[in-house]
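Numbering (the numbering used here), first residue to last: 23 to 296.
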């Protein structure tokens, strides 16, 4: 009996490379969300091929309502909407999962990669925790480790692949596109990407390794460099947030759950200054 948790983003999906593809309300977004659904379904199918008894998917981009329930494999459960305490891995705390899969993830803010950012691309220029540069993969892998859930598989571009290979050598990776610039990529065909994801998901479940490998462990100290001083002005009004300089704030937390909640609040506050 294996239970698998899948967290799905959109920027790391094959065929996605422009901001408008990630923005609800555009024609390009409708095409991109369909590609996202297909890669998620490939991961779900691979998980069940490998022996999963239950699969939960967390829709984890923007408003977190990208995946249309009628288009998702009916064998899976779907977590959607926000706000939510664990953000991209909301639902992971509800039961004991055996492994974690990230579909459509991307490189960190301040790094090379297709549509690279960390949580809020307009507001957060660089996110570090305990002195380590953080991507969304790192933050949510650390959160999962607090629930004893290992990261089994990640999909995205070649820049994130390099990152994952360096930091999580036991984690499998499916590279669905090569980053040419921030908004340019050479992608596999949707069918090719989906086939590789399904095969990789099946393979990791059949081996079901249990190694936990977070980059950072508690206690946590966040240092967040923002895009402009007014954001640091705003963020430093939050209790327990420390102002370090014109564009940098700091925060300390005992759990990644608490850290993710704070980052979610700051990201929301940033929208008032956009």
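In this text, a Cβ means the ideal position worked out from N, Cα and C, and glycines have one as well.
{"Asked": "Look at the alpha carbon of residue 100 and the alpha carbon of residue 63, and state the distance between them as a whole number of angstroms.", "Found": "12 Å"}
{"Asked": "Excluding the 5 residues preceding and the 5 following residue 202 in the sequence, name in chain order all residues of the same chain whose CB lies nearer than 8 Å to its CB.", "Found": "208"}
{"Asked": "Leaving aside the five residues before and after residue 48 along the sequence, list all residues of the same chain whose C-beta is less than 6 Å from its C-beta, in chain order.", "Found": "42"}
{"Asked": "How about residue 254 and residue 260: are their beta carbons less than 9 Å apart?", "Found": "no"}
{"Asked": "Residue 70 by DSSP, collapsed to three states: which one?", "Found": "helix"}
{"Asked": "Determine the closest residue to residue 236 out of 256, 169 and 180, with distance taken between C-alpha atoms.", "Found": "169"}
{"Asked": "For residue 55 and residue 107, what's the separation of their Cα atoms in angstroms?", "Found": "24 Å"}
{"Asked": "What residue range does the alpha helix (DSSP H) around residue 225 cover?", "Found": "212-229"}
{"Asked": "Tell me the rounded alpha-carbon separation between residue 71 and residue 136.", "Found": "30 Å"}
{"Asked": "Within the region 77-107, note down every full beta strand (DSSP E) run reaching 3 residues or more, in order along the chain.", "Found": "99-101"}
{"Asked": "May I ask which residues mark the beginning and end of the beta strand (DSSP E) holding residue 208?", "Found": "206-209"}
{"Asked": "On the premise that residue 95 lies in contact with residue 87, defined as a C-beta separation below 8 Å, what is that separation, rounded to the nearest angstrom?", "Found": "Incorrect: roughly 18 Å between the Cβ atoms, too far for contact."}
{"Asked": "For residue 181, tell me which candidate among 29, 148 and 157 has the shortest Cα-Cα distance.", "Found": "157"}
{"Asked": "Pull up the distance between the alpha-carbon of residue 293 and that of residue 113, whole angstroms please.", "Found": "25 Å"}
{"Asked": "Comparing alpha-carbon positions, which option in 133, 196 and 229 lies nearest residue 307?", "Found": "Only positions 23 to 296 of the chain appear in the structure, and residue 307 is not among them; the question remains open."}
{"Asked": "Could you tell me which residues DSSP puts in a beta bridge with residue 148?", "Found": "247"}
{"Asked": "Could you work out which residue in 50, 58, 52 and 263 is closest to residue 36 when comparing CA atoms only?", "Found": "58"}
{"Asked": "Between the region 117-132 and the region 171-180, do three or more beta carbon pairs fall short of 8 Å?", "Found": "yes"}
{"Asked": "Which partner residues does residue 275 have in the DSSP bridge list?", "Found": "242"}
{"Asked": "What are the start and end residues of the beta strand (DSSP E) that includes residue 122?", "Found": "121-125"}
{"Asked": "For residue 66, which residues in the same chain have their Cβ closer than 6 Å to its Cβ, ignoring the five residues on either side in sequence?", "Found": "77, 95 and 98"}
{"Asked": "Expressed to the nearest angstrom, what Euclidean distance is found between the alpha-carbon atoms of residue 283 and residue 289?", "Found": "10 Å"}
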